Structures are given as structure tokens and as C-alpha cells.
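Chains as they are written, first to last, in the numbering used here: chain S, 53 to 554; chain V, 53 to 554.
Please read the structure below before turning to the comments.
There are 2 protein chains.
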Amino acid sequence: MSTHYHELEQRFRRMANLGGAAAVLQWDWAAVMPTGGAAARSAQLTELDLIQHECMADPKMADLFDTAEATRDDLEPWQNANLSEMRLRWRHANALPADLVEAFSKAASACEMVWREARPSSDFNAFCQAFAPLLVLIREKAEAKSAALGLAPYDALIDGYDPGFRTAEIDGIFADLGTFLPEFLAQVLEKQAREPAPLRPTGPFPVAHQRALSKTLMGHIGFDFDHGRLDESHHPFCGGVPEDVRITTRYDESDFASSVMAVLHETGHALYERGLPEDWRGQPVGEARSMSLHESQSLLMEMQACRSGEFFKFAAPLMQDAFDSLDSAAAAAAFAPENLHRMAVHVAPGFIRVDADEVTYPAHIMLRYRLEKAMISGDLQAQDLPDAWQQGMQEFLGLTPKNHAEGCLQDIHWAGGDIGYFPSYTLGALIAAQLFASASREIDGLPAALAEGAFAPLLAWLGKAVHSQASRYSSHELIERATGSPLSADAFKAHLKMRYLG
Amino acid sequence: MSTHYHELEQRFRRMANLGGAAAVLQWDWAAVMPTGGAAARSAQLTELDLIQHECMADPKMADLFDTAEATRDDLEPWQNANLSEMRLRWRHANALPADLVEAFSKAASACEMVWREARPSSDFNAFCQAFAPLLVLIREKAEAKSAALGLAPYDALIDGYDPGFRTAEIDGIFADLGTFLPEFLAQVLEKQAREPAPLRPTGPFPVAHQRALSKTLMGHIGFDFDHGRLDESHHPFCGGVPEDVRITTRYDESDFASSVMAVLHETGHALYERGLPEDWRGQPVGEARSMSLHESQSLLMEMQACRSGEFFKFAAPLMQDAFDSLDSAAAAAAFAPENLHRMAVHVAPGFIRVDADEVTYPAHIMLRYRLEKAMISGDLQAQDLPDAWQQGMQEFLGLTPKNHAEGCLQDIHWAGGDIGYFPSYTLGALIAAQLFASASREIDGLPAALAEGAFAPLLAWLGKAVHSQASRYSSHELIERATGSPLSADAFKAHLKMRYLG
Numbered sequence: 053m054s055t056h057y058h059e060l061e062q063r064f065r066r067m068a069n070l071g072g073a074a075a076v077l078q079w080d081w082a083a084v085m086p087t088g089g090a091a092a093r094s095a096q097l098t099e100l101d102l103i104q105h106e107c108m109a110d111p112k113m114a115d116l117f118d119t120a121e122a123t124r125d126d127l128e129p130w131q132n133a134n135l136s137e138m139r140l141r142w143r144h145a146n147a148l149p150a151d152l153v154e155a156f157s158k159a160a161s162a163c164e165m166v167w168r169e170a171r172p173s174s175d176f177n178a179f180c181q182a183f184a185p186l187l188v189l190i191r192e193k194a195e196a197k198s199a200a201l202g203l204a205p206y207d208a209l210i211d212g213y214d215p216g217f218r219t220a221e222i223d224g225i226f227a228d229l230g231t232f233l234p235e236f237l238a239q240v241l242e243k244q245a246r247e248p249a250p251l252r253p254t255g256p257f258p259v260a261h262q263r264a265l266s267k268t269l270m271g272h273i274g275f276d277f278d279h280g281r282l283d284e285s286h287h288p289f290c291g292g293v294p295e296d297v298r299i300t301t302r303y304d305e306s307d308f309a310s311s312v313m314a315v316l317h318e319t320g321h322a323l324y325e326r327g328l329p330e331d332w333r334g335q336p337v338g339e340a341r342s343m344s345l346h347e348s349q350s351l352l353m354e355m356q357a358c359r360s361g362e363f364f365k366f367a368a369p370l371m372q373d374a375f376d377s378l379d380s381a382a383a384a385a386a387f388a389p390e391n392l393h394r395m396a397v398h399v400a401p402g403f404i405r406v407d408a409d410e411v412t413y414p415a416h417i418m419l420r421y422r423l424e425k426a427m428i429s430g431d432l433q434a435q436d437l438p439d440a441w442q443q444g445m446q447e448f449l450g451l452t453p454k455n456h457a458e459g460c461l462q463d464i465h466w467a468g469g470d471i472g473y474f475p476s477y478t479l480g481a482l483i484a485a486q487l488f489a490s491a492s493r494e495i496d497g498l499p500a501a502l503a504e505g506a507f508a509p510l511l512a513w514l515g516k517a518v519h520s521q522a523s524r525y526s527s528h529e530l531i532e533r534a535t536g537s538p539l540s541a542d543a544f545k546a547h548l549k550m551r552y553l554g
Numbered sequence: 053m054s055t056h057y058h059e060l061e062q063r064f065r066r067m068a069n070l071g072g073a074a075a076v077l078q079w080d081w082a083a084v085m086p087t088g089g090a091a092a093r094s095a096q097l098t099e100l101d102l103i104q105h106e107c108m109a110d111p112k113m114a115d116l117f118d119t120a121e122a123t124r125d126d127l128e129p130w131q132n133a134n135l136s137e138m139r140l141r142w143r144h145a146n147a148l149p150a151d152l153v154e155a156f157s158k159a160a161s162a163c164e165m166v167w168r169e170a171r172p173s174s175d176f177n178a179f180c181q182a183f184a185p186l187l188v189l190i191r192e193k194a195e196a197k198s199a200a201l202g203l204a205p206y207d208a209l210i211d212g213y214d215p216g217f218r219t220a221e222i223d224g225i226f227a228d229l230g231t232f233l234p235e236f237l238a239q240v241l242e243k244q245a246r247e248p249a250p251l252r253p254t255g256p257f258p259v260a261h262q263r264a265l266s267k268t269l270m271g272h273i274g275f276d277f278d279h280g281r282l283d284e285s286h287h288p289f290c291g292g293v294p295e296d297v298r299i300t301t302r303y304d305e306s307d308f309a310s311s312v313m314a315v316l317h318e319t320g321h322a323l324y325e326r327g328l329p330e331d332w333r334g335q336p337v338g339e340a341r342s343m344s345l346h347e348s349q350s351l352l353m354e355m356q357a358c359r360s361g362e363f364f365k366f367a368a369p370l371m372q373d374a375f376d377s378l379d380s381a382a383a384a385a386a387f388a389p390e391n392l393h394r395m396a397v398h399v400a401p402g403f404i405r406v407d408a409d410e411v412t413y414p415a416h417i418m419l420r421y422r423l424e425k426a427m428i429s430g431d432l433q434a435q436d437l438p439d440a441w442q443q444g445m446q447e448f449l450g451l452t453p454k455n456h457a458e459g460c461l462q463d464i465h466w467a468g469g470d471i472g473y474f475p476s477y478t479l480g481a482l483i484a485a486q487l488f489a490s491a492s493r494e495i496d497g498l499p500a501a502l503a504e505g506a507f508a509p510l511l512a513w514l515g516k517a518v519h520s521q522a523s524r525y526s527s528h529e530l531i532e533r534a535t536g537s538p539l540s541a542d543a544f545k546a547h548l549k550m551r552y553l554g
């Protein structure tokens with residue numbers, strides 16, 4: 053047995069405990085913290101972050117890795133995979149010189165603060181003053197990671213969120229989608245225009261009833277409230293730790309559906325966390341595989357399973373019961389499963405990514421992907437973002453945003469220094485479709501089960517194929533082992549055709 | 053300027069950030085965490101604790117202290133006080149050998165777990181099997197601290213909660229109380245027996261209404277909800293950090309008063325935390341002075357200010373309004389200020405410390421203080437606790453508990469390894485009385501202000517005399533500066549005589 057390997061496990065366990073503490077503190081910030089707690093909380097989180105960085109930067113680490121890797125033959129397969137994951141994280145963490153880490157962190161915090169003011173007022177110039185210097189540092193970060201990891205600069209950034217994904221592959225997948233989607237979207241809109249619009253259930257839908265409905269649905273799907281909570285925050289998210297998963301949503305008393313769908317989405321994330329192998333808690337190999345795999349689990353639950361006609365057969369009566377004060381003929385028609393399903397798969401090109409349906413969502417991502425590549429290569433400067441955005445929105449969706457708030461200022465990612473993350477959303481959608489297609493082939497009567505709210509067979513399949521595998525394999529290996537095929541857009545396209553034109 | 057001193061400030065700031073993170077995680081555990089999160093949370097808290105211990109145990113610390121102390125003349129008074137506080141904490145932290153720290157921590161966790169089972173079933177033998185070995189370690193801890201601090205063993209334990217308090221002083225104070233209280237209690241009970249019993253308002257008192265009432269009262273007292281929250285937990289407590297104070301209570305729908313009084317008590321703690329000087333956040337000198345001072349702030353608010361006849365003139369109508377469904381002649385009589393006040397100062401000797409009124413509370417503490425001294429000196433062994441308890445309860449309150457659950461198993465303190473803490477409760481009550489007497493002399497029309505719910509003058513006085521002083525002075529200096537006299541039981545006795553026999 054390699055004592056060096058075990059020493060590494062111990063060090064990574066410390067970092068995981070600190071990361072877990074930080075995750076709960078971040079949930080607290082978003083869900084319950086009073087505004088006046090921000091400065092103290094920020095100091096706590098910075099301290100936890102700093103200690104994790106110090107653990108990674110400890111000069112003894114290089115030797116521990118070298119010695120542990122020299123005795124790989126003594127390790128079990130999961131340990132071997134763990135060692136590789138540790139090494140990759142260590143490479144990422146140590147790729148940047150300390151002064152760049154600090155400068156980047158300050159510039160990103162500053163830009164994010166400016167963005168919070170600049171977005172509502174659609175003030176691109178204010179934003180750009182903070183973003184231009186941040187972009188310089190993002191490029192430096194990309195160069196530094198490129199050198200340390202032997203990857204192209206933008207690939208090196210993507211690798212921080214989605215290890216193993218490269219532009220060479222994503223270019224091909226997005227080209228495929230880019231060819232397919234415009235014509236497909238036109239057909240969907242044409243078909244949709246020929247049909248009567250779905251009836252919108254009219255509220256008010258009291259928050260307490262929405263919350264109870266969401267908890268009921270979460271319970272049916274398999275969320276264990278002894279190991280997690282549902283709360284409220286400005287933006288829905290899934291946080292906490294695998295033993296105690298905290299998901300959030302927001303409520304609008306005039307529209308229950310958007311909150312419920314957000315809950316189903318976050319429940320998909322939560323079940324992934326809950327299904328990670330207990331034996332590898334606190335170790336890199338025991339964590340979720342990647343951002344795209346994580347997104348695949350939320351989108352599989354929300355888009356594949358719960359926006360299906362089958363799901364609404366099960367859920368529509370629960371939804372109507374949740375708002376029993378609405379007992380009228382109009383309510384009965386609006387809450388008919390078929391009507392709610394049509395609402396859930398309504399397609400409408402728009403400016404805002406987070407509001408987009410699954411047909412137009414990839415266009416939002418492909419636009420951002422193109423701009424990110426250009427920003428990192430230096431072909432696109434910060435001040436030229438608005439023009440490039442307008443042009444791209446025209447090309448991808450035929451729309452021209454009225455202002456920057458619904459244009460290039462809509463997302464927090466770039467303001468916070470996150471370039472390289474966006475592709476994960478659409479990769480996640482493709483993985484979700486490919487996994488769900490496999491699950492549907494392999495599980496007898498899956499549609500009938502979903503129509504009865506029986507999620508156990510699907511959850512068992514995902515648990516075996518994805519959740520319990522954690523980071524044992526690369527994303528690509530995991531997908532191929534689970535579905536028998538390498539990742540492609542085929543299943544996603546087939547899903548769209550079946551759902552929207554079938 | 054001493055760079056060594058500033059290096060120490062930086063190191064203590066890190067520990068404070070970790071301590072603040074832990075405080076929020078502990079609040080989360082008690083108030084919102086699902087049961088399944090316990091193991092992961094425990095690992096996070098242990099990690100944070102361990103890192104703080106490592107900071108304290110860093111061999112460079114001794115040199116930093118020596119050098120900083122050699123240049124004390126360069127420091128401002130607050131810095132000097134800070135340096136002394138740092139040194140004292142460091143002495144406490146390093147007094148114990150690492151193997152004793154670990155053995156103690158394990159034995160205390162184990163004993164606390166046993167206690168949680170043993171108390172409900174009143175199983176002293178089960179408890180004793182875990183407590184006897186823990187007591188051996190507590191004695192070792194006391195000896196080790198004694199050697200490191202140059203104090204008697206029990207004094208060294210007390211010093212960990214209440215720096216500067218010694219048995220020599222406490223013996224005298226408790227002897228004074230012990231002489232006064234039995235005869236006084238008899239007089240109070242006799243007087244009380246001659247009067248009709250107060251009317252109990254009859255519920256139910258819905259939780260939502262109780263919560264709203266508590267928040268209203270907290271707001272009047274000066275609690276700032278931008279910097280804190282009120283939540284629920286099994287036992288009321290005050291946690292979080294000064295910028296974000298989290299207090300909790302519990303609700304009983306058949307009795308609103310106990311929850312409200314707990315909230316007023318915790319609000320006193322919270323206002324102390326909130327009033328600590330911003331300039332010294334994250335430094336030992338900027339923290340609350342001691343456990344007894346902290347308890348003085350909660351008891352001043354609850355016992356001195358809010359169990360007064362004046363307070364009920366203000367609060368009774370709000371209490372009645374909170375439960376407006378109870379609008380009847382009987383409710384009107386029960387919610388009369390005079391009646392609610394009489395309920396709030398009803399005296400009844402009982403077995404349970406946490407349910408005790410302010411007249412009988414000191415007896416519970418004096419009993420525990422006597423037993424703690426005997427346990428640390430070795431005169432009392434673990435297995436002899438029940439007999440000693442029975443004997444003491446007879447002597448102090450003339451009561452014989454029916455079982456150990458309402459006897460020596462009622463408190464968590466000893467089970468968790470905390471010996472030396474109990475005196476703080478009664479010291480806090482005496483300090484509260486002495487401070488409130490001074491405030492009453494110095495603030496024109498304080499009773500009239502309280503009768504109108506105007507707490508600002510009292511809060512300003514406490515802010516200046518106590519909160520803003522943090523740990524700038526010793527407890528004894530602080531009390532004398534604030535009240536003009538050294539600590540004694542005089543003000544407490546005068547308060548009791550005025551309230552109960554006046």
C-alpha cells in the first residue's frame with residue numbers, strides 16, 4: 053500500500069471538508085442570510101478558499117504525487133482513478149502564479165459587483181470598464197493553464213469545468229446542431245401556429261401550496277428529505293453536500309409551473325449528488341464527473357422525464373389538487389394533462405437564455421461559445437461584445453435585443469470571470485437525451501412507469517450507469533459505457549423530432 | 053509598529069473566520085439541517101476545529117508572542133489588551149498535550165451520546181460508565197491547565213469560560229447568597245400564597261402568531277433583522293457572528309410566554325454581539341468579555357427589563373393583539389398587564405434548572421458548583437453523584453427528585469465535558485442586577501421609557517458601558533467601570549427584595 057497515496061487522500065479529505073463547509077455557507081448566503089451578513093460571510097468563504105489553495109500549493113504535494121504515481125500498481129482501480137483526479141486538480145490549482153490568482157479574484161469580484169448594477173440599467177460602458185481588465189486576466193489565466201496542462205488556451209479553461217472536453221469535439225457537435233436546428237425550429241413554430249394556444253391556468257397560486265406541491269413531486273421522484281431541503285433563493289440552484297443536498301427555487305404566485313419545473317430540474321442535480329458512492333466521499337474520484345454530466349442529470353429529469361406527456365398524466369391531478377380553491381370548469385380544462393404538457397413544451401425564441409425552451413436553448417449557447425473563443429483568441433475585444441452579440445442573435449435566432457440587459461449583460465458568468473462554462477449546458481442536454489434514450493430501451497415500460505409517478509426504475513438505472521460511477525471514468529468513457537455509443541447530437545435531435553414534430 | 057503583533061492579528065483573524073464559519077454551521081445544524089447531514093457536518097466542524105488548533109500549536113507562535121510582548125510600548129491600549137487576550141487563549145489552547153486533547157474530545161462526544169439516551173430513561177448506570185472515564189480526563193485537563201496557567205485546577209477550568217474568576221471570590225459571593233436566599237424564598241412563597249394565583253391565558257397560540265409577536269418585540273428592543281434572524285431549535289440559543297446574529301426559540305402552542313421570554317433572553321445575547329466594536333472584529337479583544345458577562349446581557353434584558361411591571365404595560369396589549377382570536381372577557385383579564393407580570397415573576401421551587409425562576413435559580417447553580425469542586429478535587433467520584441445530588445437538592449431547595457432525569461442527568465454540560473461553566477449563570481445574574489441598577493440611576497426615566505417600549509436609552513447605556521468595551525478590560529474592571537463598585541450580590545438581593553417583597 054502506498055502511504056504517499058493515503059497521505060494524499062487525507063489532504064484531499066481536508067479540502068473536501070472545507071469545500072463542504074463552504075457549500076453550506078453559500079447556500080445559507082443565498083437562502084437565509086440577512087443582507088448585513090455579507091461582509092463577514094465573504095471573509096469566511098475567502099478564508100476557506102485560501103486554506104484549500106494553501107493545501108494545494110504545499111511544496112510537499114509534488115513529491116507525494118510523484119511517489120504515489122510510481123507505485124500505481126499497488127493501487128485498486130478506484131484509487132488509481134482517484135490519484136489521476138487529484139493530480140488533475142492539483143495541476144489546475146497550481147497552474148496560476150499566486151499574484152495572478154489574487155489579481156483575478158479581485159477583478160472578478162469587482163466586475164461582478166459592477167455587473168449587478170449595470171445589468172438593470174443596461175449600462176454596457178460601466179460594465180466594460182470592469183470587464184476589459186478582467187478579460188485581460190482571463191486570457192492570462194488561459195495562457196497559464198494552457199502551458200501547465202498542454203492544452204490550447206480555451207480548451208484549458210473548458211477543462212476546469214468539463215475535464216476532457218475540447219473545442220475540436222464541441223465544434224463538430226455544435227456544427228451538427230447548427231445545421232439541424234434552424235430548419236427544425238421553423239417547422240416547430242409552423243406546426244405550433246396551426247394549433248390553438250394552450251390554456252394558462254390562472255392563479256393566484258399561493259406560495260405555501262406551490263411549496264407543498266413541489267415537495268410532493270420531489271418525494272415521488274426519490275428526493276430524501278432526511279438528506280436534503282427545499283428552500284427559496286433569487287435563482288434556483290442545487291448546493292450543500294451529498295449527505296445534505298440543498299435545492300432552492302423561487303415562487304411567482306401568478307405562475308406555478310416555472311417554479312415547479314425549476315424544482316424538478318434541481319431535483320435531478322440533487323439525485324446525482326445523493327447517488328455518489330459513499331465509499332468515496334471526500335475524494336475527487338467520488339465527486340460528480342463534470343459540469344456537463346451534472347447538467348445532464350438535471351435536464352434528464354426536467355426535460356426528458358418531466359416535460360413528457362407521461363409525466364403530466366401523473367402530475368396534472370396533483371397540480372390541480374394543490375390549488376384546490378381553483379375548482380371550476382376553466383381550471384379543469386387548464387389542468388388537463390394534455391394542456392399542461394403542451395404548456396411545458398411550448399417553443400418561443402427569446403432573448404433570455406435561462407427562460408429558453410429546449411429547442412432554442414442551444415442557439416444561446418452556440419452564440420456564447422463563439423464569442424468566448426473569439427475573446428480568448430484575442431479576435432474579440434470587450435468593447436466589441438455588443439455588436440458581436442447583436443450579430444450572433446440575428447444569425448442564430450433572428451432576434452435583435454432592445455438593450456444590453458437582454459443582450460450581452462444578461463448572464464453572470466463572464467462578469468464573474470467564468471469563461472469556458474457555457475458549453476456544458478448544451479453538452480448536458482445532449483448527454484441527457486442520449487442517456488434517456490438508453491434508459492428507455494433498457495427499462496421495460498418506462499413511459500408507463502412515469503405516467504404513474506414511478507421513478508424508481510429510472511433512478512436505479514441512473515444510479516448504476518451514472519451516479520454511482522462518480523469520477524471513476526472520464527465523461528466520454530462514462531457516456532459510452534452507459535449508452536453504448538460515443539457522445540453525439542443524434543439522440544437529442546431524435547428526441548426533439550419525436551416530441552415536437554412526432 | 054510591531055510586525056510580530058500584526059502577524060499575530062492576521063493569524064487570529066484566520067481563526068476568527070474559521071470560528072465564524074463554524075458558528076453558522078452549528079446554527080444550521082440546530083435550526084435547519086436534516087438529520088442525515090449529521091456525519092458530514094460533524095466532519096466539517098472537526099476539520100475547522102483542527103485547523104484552528106493547528107494555528108495555535110504552530111511552533112512559531114511562541115516567538116511571535118515573545119517578540120510582540122517585548123515591544124508592547126509601541127502598541128495602542130486596545131492592541132495591548134488584544135495581545136494579552138491572544139496570549140491567554142494561546143496558553144489555554146496549548147496547555148493540553150495533543151493526546152489528551154484527542155482523548156478528551158472522544159470521551160466527551162461518547163459521553164454526550166450516551167447521555168442523550170440515558171437521560172430520558174433516567175439510567176444513571178449507563179451514563180456513569182461513560183462519565184467516569186471522562187471525569188478522569190477532565191481532572192487531567194484541569195491539572196494540565198493548572199500547571200500551564202499557574203491556577204488551582206478548578207480555577208483553571210473556570211478561567212476557560214470566565215477569565216479572571218476564581219473560587220476564592222465565588223465562594224464568598226455564593227456564601228452571601230446562600231445565607232440570604234433560603235429565608236427570602238420562604239418569605240416570597242408565603243406572600244405569594246396569600247395572593248390569588250395569576251390567570252393563565254388559554255390557547256391555542258398558533259406558532260405563526262407567536263413568531264410574529266416575538267419579532268415585533270425584538271424590533272422594539274433594537275434587534276436589527278438586517279443583521280440577524282429568529283428561527284426554531286430544540287433549545288433556544290444565540291449563535292452566528294456579530295454581523296449576522298442567529299437566535300432561536302421553540303414554540304408550544306399551549307403556552308406563548310415561555311417562548312417569548314426565551315426570545316427576549318436571546319435578544320439580550322444578540323444585542324451584546326451586535327454592539328461589539330467593528331474596529332476589532334475578528335480579534336480576541338473584540339469579542340464578548342466572558343460567559344458571565346454574556347449571561348448578564350441576556351438576563352438583564354429578560355429578568356431585569358422584561359419581567360418588570362413596566363415592560364408588561366407596553367407588551368401586554370401587543371401580546372393580546374397577537375392572538376386576537378382570543379377576544380373575550382376571560383382573555384382580557386388574563387392579558388391584563390398586571391396579570392401577565394405576576395405570571396412572569398411567579399416563584400416555584402422545582403427540580404429543573406432551565407425552568408427555574410430567578411429566585412431559585414442560584415440554588416441550582418450553587419449545588420452544581422459544590423459538586424464540580426468536589427469532582428475536580430477528587431472528593432466526589434462519578435458513581436457517588438446521585439447521592440450527593442439528592443442531598444444537595446434537599447439542602448438547597450428542600451426537594452427530592454423522583455429520578456435521575458430530573459436530578460443529576462438533567463444538564464448536558466458535564467456529559468459534554470464542561471465543568472467550570474455553571475458559575476457563569478449566577479455570576480451573570482448578579483452582574484445583570486448590578487448593571488441594571490446603575491443604568492436605572494443614570495438614565496432619567498428608564499422605567500417610564502420601558503413602559504412605552506422605548507429601549508433605546510437602555511441600549512445606548514449598555515452599548516457604551518459593556519458592548520463596545522468587548523474584552524478591552526477584565527470582567528472585574530469592566531463591572532467596576534460600569535457600575536462604580538466591585539461585583540457583589542448586593543444589587544441582586546436588592547432587586548429580589550424590591551420585586552418580590554416590595
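For glycine and all other residues, C-beta sits at the position ideal for the given N, C-alpha and C.
Predicted model only: the values in this text are computed from it and were never measured.
With 16 other Cβ atoms within 10 Å as the buried cut-off, status of residue i
{"i": "S/K516", "result": "exposed"}
{"i": "V/S342", "result": "buried"}
{"i": "V/Q443", "result": "exposed"}
{"i": "S/E61", "result": "buried"}
Beta carbon proximity, residue i to chain V, threshold 9 angstroms
{"i": "S/G72", "result": "yes"}
{"i": "S/R263", "result": "no"}
{"i": "S/V293", "result": "yes"}
{"i": "S/D228", "result": "no"}
Bridge partners - residue i, DSSP secondary structure assignment
{"i": "S/I483", "result": "Answer is none; S/I483 lacks a bridge partner."}
{"i": "S/G292", "result": "S/V297"}
{"i": "S/L282", "result": "S/I299"}
{"i": "V/D307", "result": "V/D304"}
Residues that residue i contacts on chain S, provided the C-beta gap is smaller than 8 angstroms
{"i": "V/T87", "result": "D278"}
Interface partners of residue i on chain V, CB under 7 angstroms
{"i": "S/A95", "result": "N69"}
{"i": "S/L77", "result": "A73, V76"}
{"i": "S/A80", "result": "The sequence shown places Asp at residue 80 of chain S, not Ala. Near S/D80 (Cβ distances below 7 angstroms), the residues of chain V are V76, D80."}
9 angstroms Cβ cutoff, residue i in contact with chain S
{"i": "V/D175", "result": "no"}
{"i": "V/G334", "result": "yes"}
Neighbour list for residue i in chain S, Cβ cutoff strictly below 9 angstroms
{"i": "V/A259", "result": "Before going on, a small fix: residue 259 of chain V reads as Val here, not Ala. Ordered by position in chain S, no residue passes the 9 angstroms Cβ test against V/V259, which lies about 14 angstroms from the chain."}
Proximal residues of chain V, C-beta to C-beta of residue i below 8 angstroms
{"i": "S/D296", "result": "M85, P86, G88, G89, A92, R93"}
{"i": "S/R281", "result": "V84, P86"}
Partners in chain S for residue i, counting only beta-carbon separations shorter than 7 angstroms
{"i": "V/R66", "result": "E99"}
Item to check | Near-chain S residues of the region 99 to 119 of chain V - C-beta to any C-beta below 9 angstroms | outcome: E99, L100, L102, I103
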